[in-house]
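In my numbering, the protein residues as written are 4 to 365.
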């Protein structure tokens, strides 16, 4: 039917209703389900009658011819729904994001949503991207969820031995600072993992909760587009393993929403995690790079080295507090990119700035 309606747009279709003289007592006609009272009054429930792309708008008219010998002819004007201004803005923003993304010379995925209003924009939102250290966020959330249930304690101590160290070339401030190993509290392990993106301490935490524990937690949150399958040590041994530990931009935003709404976390655990994400010194030129310095950004980055000129992962996901207090959940993944690091980070920063500017206008 749409193929018929599209070319004719505003053409009027007559609907002829033949009524008896005691019209008021007769059963309701098809047209009566569209109009009530006088012929020009429209009911709100148009969706039961018209195809999805064809709705009566505020300026569509129902014209009524004079009723003679109890024959009444009414004409209903159909037109194709027009995009709302919001749709147009999002389309324009999506095109702007795609244009910015081209500079990375790779695969780029973006998802962003204002959590209080549902306003959103995306680019390749369901594609799979290697997370690299972004995966430390769901691991940290699972650890704190187990703290909330009493299974773990922030003051308990865990030994980090030399055998736990990730290889040189993978980030590990603990390995560099304590070459002979060290005993750290769970709270300290979380800080190193989330704020300083330490691969060694991330593996210690993953050992505590297990890959299965992370999967179970994500499933309970209803998040299916994030997969944590391997340790950092395993990822460091085989370049292809990072691609098995993936997220989609949509899945990352779902995770950020869960964190913001304290789903599966106590308020105390949520606030600790947000503090660690806000204080992180890593990759400040990505989501935060072009935003005003006063803007609060709680984020987790991820970076993966590659072979030759191709970078498998340059990522940043986070919660940005807008000037009016609303919260923007945003995920930007850049994968298999040939641009240099400065360009890749600048691409993420420009995308974040474009989205920030758009949603701060509303």
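Cβ coordinates follow ideal geometry from the N, Cα and C atoms, glycine included. Given the structure is predicted, the values throughout are model-derived calculations rather than measurements.
Extent of the continuous beta strand (DSSP E) run through residue i
i	result
residue 110	110–117
residue 126	123–126
residue 323	316–324
Residue range of the alpha helix (DSSP H) that includes residue i
i	result
residue 139	139–151
residue 287	That residue, residue 287, is in no alpha helix (DSSP H); it is neither H nor E in DSSP.
residue 352	344–363
residue 237	235–240
residue 176	176–180
Three-state class that DSSP yields for residue i in the structure shown
i	result
residue 253	helix
residue 162	strand
residue 217	helix
residue 330	strand
residue 298	coil
residue 36	Caution applies to residue 36, whose pLDDT of 35 falls short of 50 and renders its modelled position unreliable; the value that the coordinates give is listed next. It is helical.
residue 195	helix
residue 183	coil
residue 244	helix
residue 2	Missing from the structure shown is residue 2; the chain here goes from 4 to 365 and no further.
residue 203	helix
residue 169	coil
residue 227	coil
residue 154	coil
residue 260	helix
residue 312	coil
residue 368	For residue 368 there is no data in the structure shown, the boundaries of the chain being 4 and 365.
residue 69	Reliability of the predicted coordinates at residue 69 is poor, the pLDDT of 43 falling under 50, and no value is obtained from them.
Residue i and residue j closer than 7 Å at C-beta
i	j	result
residue 158	residue 188	yes
residue 350	residue 107	yes
residue 3	residue 160	Residue 3 lies beyond the stretch modelled for the chain, which goes from 4 to 365, so this question has no answer here.
residue 347	residue 103	no
residue 124	residue 97	yes
residue 228	residue 254	yes
residue 176	residue 199	yes
residue 143	residue 193	yes
residue 345	residue 324	no
residue 248	residue 137	no
residue 146	residue 217	no
residue 267	residue 224	yes
residue 313	residue 239	no
residue 178	residue 204	no
In DSSP terms, what residue i is bridged to
i	result
residue 303	320
residue 188	160
residue 100	Residue 100 is not bridged to any residue.
residue 373	The requested residue 373 is not part of the displayed model; the chain covers only 4 to 365.
residue 232	DSSP, once it has assigned bridges, lists no residue as partnering residue 232.
residue 336	112 and 318
Closer than 6 Å: residue i CB and nearest the ligand COA heavy atom
i	result
residue 138	This structure simply doesn't include the ligand COA, nor any ligand for that matter.
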